[in-house]
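For reference, the structure is listed below as structure tokens.
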Amino acid sequence: MHNSQKLKEITVFIADYASVLLGSGVHCTRVIRNSKRICESFGLDIKMTVFASSIILTLIDQEEDEMCTEVVVIPQVPVSFELNAELSALSWRAHDNPTTIGELRAEYEALLARPRLNSWVVTFMVSLANACFCRLFDGDLGAMAVVFVTTFIGFRFLRFLKKNRIDHFLAVLLVSFVSSALASLSVFFDSVDANIAVATSVLFMVPGVPMITGVIDILENHTLIGFARLMRAVLIVLCLAVGLSISMVIFQKGLL
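Taking numbering that gives the first Met the number 0, the leading residue of the sequence shown gets 0, the next gets one more, and so forth.
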């Protein structure tokens, strides 16, 4: 059905597609299901093995008795539920309305090239959400205002560090320290509940997506990548706690 060159082209596309989905936090079963759906539209079978940092997949053309194997590194890309939904929809469009690999690749790249939300809007919404977390922990309006400001500064600092390719774990530690240290300054204001402000000032960095997908992967027998995701989440939380602890030691007299 497909010559060797065409089979190679499809394999490279599926590898790229699956790696982006995994890198953005989608659980393994969904990635395999979506990839298999696209392969079926070309009359191919797929075998995929997912590791913590790479994917090995083989596409098989039963009619021509040919196969092609590709190994690809899983990239670390920002989590985007909108992109994940669009990529899943792409697999359904390929399945329901079979097309050429060139057209499918063009549509895929168009999805990746879509402009993201304005970073300042994202920063504002993250800050507002974290201030609401503060309120859930009985923080007063003063504490909410402090958390909003410290989250805003911390999130922009995190983006700056990532843009300059600083190690993610080190970046989390530094941002945790800066955000909680700034929140600790609220001890000088009697109208602010400083303890709650400090404790909630770093919640915006809690890795919820890796925790959830890690548990899902383990429950669905993708144990290796599931534990890898959970371990990464644990390390992020540990770095977060270290940064928070350093600032609390510095300001301990005012906070205790």
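The C-beta atom is built at its ideal place from N, Cα and C for all residues, glycine as well.
Opposing strand residues paired with residue i [DSSP bridges]
i   : result
D60 : E65
D44 : I59
L23 : First, the amino acid is wrong: residue 23 is Ser here, not Leu. In DSSP, S23 forms no bridge with anything.
S53 : V72
Residue i burial status per 10 Å Cβ neighbour count (16 or more: buried)
i    : result
L140 : exposed
F159 : exposed
V49  : buried
N163 : exposed
P114 : exposed
T150 : buried
P206 : buried
I222 : What sits at residue 222 in the sequence shown is Thr, not Ile. Exposed: under 16 other Cβ atoms inside 10 Å.
N117 : exposed
G153 : buried
G42  : exposed
F33  : It is worth fixing the name first, because residue 33 is Asn in this sequence and not Phe. Per the 10 Å Cβ criterion, buried.
D166 : exposed
A232 : buried
S185 : buried
L111 : exposed
S256 : An answer regarding residue 256 cannot be provided, because it is not within the stretch 0 to 255 covered by the chain.
L157 : buried
G242 : buried
Rounded C-alpha distance that separates residue i from residue j
i    : j    : result
T98  : I215 : 32 Å
G213 : L229 : 5 Å
V236 : T68  : 37 Å
D208 : G24  : The sequence shown places Val at residue 208, not Asp. Spanning the two alpha carbons is a distance of roughly 7 Å.
E310 : A88  : Absent from the structure is residue 310, since the part of the chain shown begins at 0 and ends at 255.
I37  : I13  : 8 Å
E8   : L58  : 11 Å
I45  : S3   : 16 Å
R134 : V11  : 48 Å
Q61  : S79  : 36 Å
V76  : A198 : 28 Å
V70  : R29  : 19 Å
V120 : R155 : 11 Å
Y286 : E85  : In this structure the chain extends from 0 to 255, so residue 286 is not present and cannot be described.
N83  : A142 : 35 Å
A5   : K161 : Contrary to the premise, residue 5 reads as Lys rather than Ala in this sequence. If you take the alpha carbons of K5 and K161, they lie about 38 Å apart.
A51  : K35  : 20 Å
F274 : E63  : The structure shown does not extend to residue 274, since the chain is modelled only from 0 through 255, so no value can be given for it.
I31  : F188 : 54 Å
A105 : E81  : 18 Å
S246 : I100 : 54 Å
E219 : L234 : 23 Å
I217 : F136 : 31 Å
Short Cβ contact (8 Å threshold) for residue i with residue j
i    : j    : result
F147 : L127 : yes
V72  : S90  : no
A109 : S40  : no
S200 : A227 : no
P74  : G22  : yes
M204 : L239 : yes
L56  : M47  : yes
N129 : L202 : yes
I211 : C27  : no
A144 : I249 : no
The segment 9 to 18 in contact with the segment 189 to 208 per 3-pair CB rule at 8 Å: Segments in contact, no.
Meets three-Cβ-pair contact criterion under 8 Å: the segment 162 to 176 and the segment 111 to 125: By the Cβ criterion, the segment 162 to 176 is not in contact with the segment 111 to 125, since fewer than three pairs of Cβ atoms, one from each stretch, lie closer than 8 Å.
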